[in-house]
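K.L.:
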Amino acid sequence: MSSIDALSGTLQSYLSPSQVNQVKRAYFYAEQAHEGQRRRSGEPYITHPLAVAGILADMHMDYQSLMAAMLHDVIEDTGICKSALGEQFGEAVADLVDGVSKLTRMEDQTRAEAQAENFQKMALAMAKDIRVILVKLADRLHNMRTLGVLKPEKRRRIAKETLDMYAPIAQRLGMHNIRVEFEDLGFATLNPMRSTRIQAAVKSARGNRTEIIEQIKESIEACLVQENHEATVIGREKHLYSIYQKMRGKKKSFSEIMDIYAFRIVVDSVDTCYRVLGCIHSLYKPVPGQFKDYIAIPKSNGY
6 MSSIDALSGT
16 LQSYLSPSQV
26 NQVKRAYFYA
36 EQAHEGQRRR
46 SGEPYITHPL
56 AVAGILADMH
66 MDYQSLMAAM
76 LHDVIEDTGI
86 CKSALGEQFG
96 EAVADLVDGV
106 SKLTRMEDQT
116 RAEAQAENFQ
126 KMALAMAKDI
136 RVILVKLADR
146 LHNMRTLGVL
156 KPEKRRRIAK
166 ETLDMYAPIA
176 QRLGMHNIRV
186 EFEDLGFATL
196 NPMRSTRIQA
206 AVKSARGNRT
216 EIIEQIKESI
226 EACLVQENHE
236 ATVIGREKHL
246 YSIYQKMRGK
256 KKSFSEIMDI
266 YAFRIVVDSV
276 DTCYRVLGCI
286 HSLYKPVPGQ
296 FKDYIAIPKS
306 NGY
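For the sequence shown, the numbering used here assigns the number 6 to the initial residue and increments by one for each residue that follows.
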């Protein structure tokens, strides 16, 4: 379990001393506001806002976002109002906390109406400050990481809600790592046996994952240099939920799914893209029937 001192050490690497002190002040205020409240795990409630702030600190978010993370449940779960927060910490922080509280209430209403897509649209539209969404995503991520103490039915409900409502928002905002964690945690909760089996199969098939990705990346980069193409090469592993979705969508077994690694090559023009494609095909033979050109024939959603 992290502590405010440990978090402060992290924050000192990119925030000023006065900003770190502001975050600590918000922490101690929240600690007092939540005094006597406990998580389902039995831990003091303050461990949750502290963890949410820690997630945002890993993203190097600004000090006001971190203060809002510390205070994000104060309006909802204590007798403290927005104006009181404004007097203590300024209107910007109070607005962020109030925005997160409104999203929480909207989430409850949307859940009752079973309208996940509406929640995504309304959440993105109503958040005047994108930091409100980021605090809420970090809040949900910590809740997903600590689902184990809840009853099975509630775990499944929260996991499905996360896949339907929060993972798509993370994807829209380009927050790949958070989306992947949402999807893999949700998948493991809703389909624990499938998740375990795919995880074991992936571990067996991938071998030394980092080494393989680096070898392929180096061979691509060498080819690009030889052909005088300027490009950025990014390699990654496909995550469990992505593999499962492909297996389900194509009705194939794991052994029939070939792309457990993915590479992105970023170039500055369409012409260069096709030239680089030729370079890749000189290294790796395309699988018949599996090559798709989304520049020439985009998907219906514009992809």
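The beta carbon of each residue, even a glycine, is placed where N, CA and C say it ideally should be.
Please state the DSSP three-state secondary structure of Arg44.
P.N.:
coil
K.L.:
By DSSP, does Glu219 sit in helix, in strand, or in coil?
P.N.:
Reduced to three states, the DSSP call for Glu219 is helix.
K.L.:
Let me know the alpha helix (DSSP H) ranges lying completely inside the segment 173-241, each 4 residues or longer, listed in chain order.
P.N.:
181-195, 197-211 and 214-231
K.L.:
Say whether the segment 236-245 touches the segment 260-277, bearing in mind that this needs 3 or more beta-carbon pairs closer than 8 Å, one atom from each stretch.
P.N.:
yes
K.L.:
Give the straight-line distance between the Cα atoms of Val378 and Ser224, rounded to the nearest whole angstrom.
P.N.:
Limits of the chain in this structure are 6 at one end and 308 at the other, which puts residue 378 out of reach.
K.L.:
Quick one: measure Cβ to Cβ for Pro54 and Asp78, integer angstroms, because I've assumed they're closer than 8 Å.
P.N.:
Going by Cβ atoms, the distance from Pro54 to Asp78 rounds to 6 Å, so yes, they are a contact pair.
K.L.:
Drop a sphere of 10 angstroms on the beta-carbon of Val28, count the other beta-carbons inside from all chains shown, and report buried for 16 or more, exposed for fewer.
P.N.:
A residue is called buried when at least 16 other Cβ atoms come within 10 angstroms of its Cβ; Val28 meets this threshold and is buried.
K.L.:
Would you check if the segment 249-262 and the segment 298-308 touch, i.e. whether three or more CB-CB distances between them fall below 8 Å?
P.N.:
no
K.L.:
Between which two residues does the beta strand (DSSP E) containing Ile270 stretch?
P.N.:
Tyr266 to Val271
K.L.:
In whole angstroms, what is the alpha-carbon distance linking Arg44 and Glu36?
P.N.:
13 Å
K.L.:
Residues in the same chain with beta-carbon distance under 6 Å from Leu168, minus the five sequence neighbours each way, listed in chain order, please.
P.N.:
Non-local beta-carbon contacts of Leu168 in its own chain, meaning distances under 6 Å to residues more than five positions away in sequence, involve Gly191 in chain order.
K.L.:
Does DSSP put Pro54 in a helix, a strand or coil?
P.N.:
helix
K.L.:
Can we count Leu139 as close to the ligand NAP, meaning its CB is less than 7 Å from some heavy atom?
P.N.:
Summarising the ligand content, the structure contains no ligands, and the ligand NAP is consequently not present.
K.L.:
What number of angstroms, rounded off, separates the C-alpha of Arg161 from the C-alpha of Phe187?
P.N.:
13 Å
K.L.:
What is the DSSP secondary structure of Pro157, counted as helix, strand or coil?
P.N.:
helix
K.L.:
I want to know whether the segment 61-69 touches the segment 149-160 - three or more CB-CB distances under 8 Å.
P.N.:
no
K.L.:
Should Thr277 be flagged as near chain C, meaning a C-beta pair shorter than 8 Å?
P.N.:
Going by chain labels, chain C is absent from the structure shown, which holds only one protein chain.
K.L.:
Terminal residues of the continuous alpha helix (DSSP H) containing Ile248?
P.N.:
Element bounds for Ile248: Leu245 to Lys255.
K.L.:
Measure the alpha-carbon distance for Leu16 versus Pro22 and round it to whole angstroms.
P.N.:
Each residue's Cα considered, the two are about 9 Å apart.
K.L.:
Keeping to the same chain, check which residues put their C-beta closer than 7 Å to that of Ser7; ignore five residues upstream and five downstream.
P.N.:
Leu55, Ala56 and Gly59
K.L.:
Sort Leu282, Arg184 and Ala205 by Cα distance to Arg145 and report the nearest one.
P.N.:
Arg184
K.L.:
Let me make sure I understand the geometry here. Which of Gln42, Cys86 and Leu108 has the alpha-carbon closest to that of Ala99?
P.N.:
Cys86
K.L.:
Can you have a look at Thr215 and say buried or exposed, based on whether 16 or more other CB atoms are within 10 angstroms of its CB?
P.N.:
exposed
K.L.:
Leaving out five residues before and five after Leu129 in sequence, what residues of the same chain have Cβ atoms less than 8 Å from its Cβ?
P.N.:
Ile138, Ile174 and Arg177
K.L.:
Kindly indicate the opening and closing residues of the alpha helix (DSSP H) around Gln120.
P.N.:
Unbroken run through Gln120: none, as it is neither H nor E.
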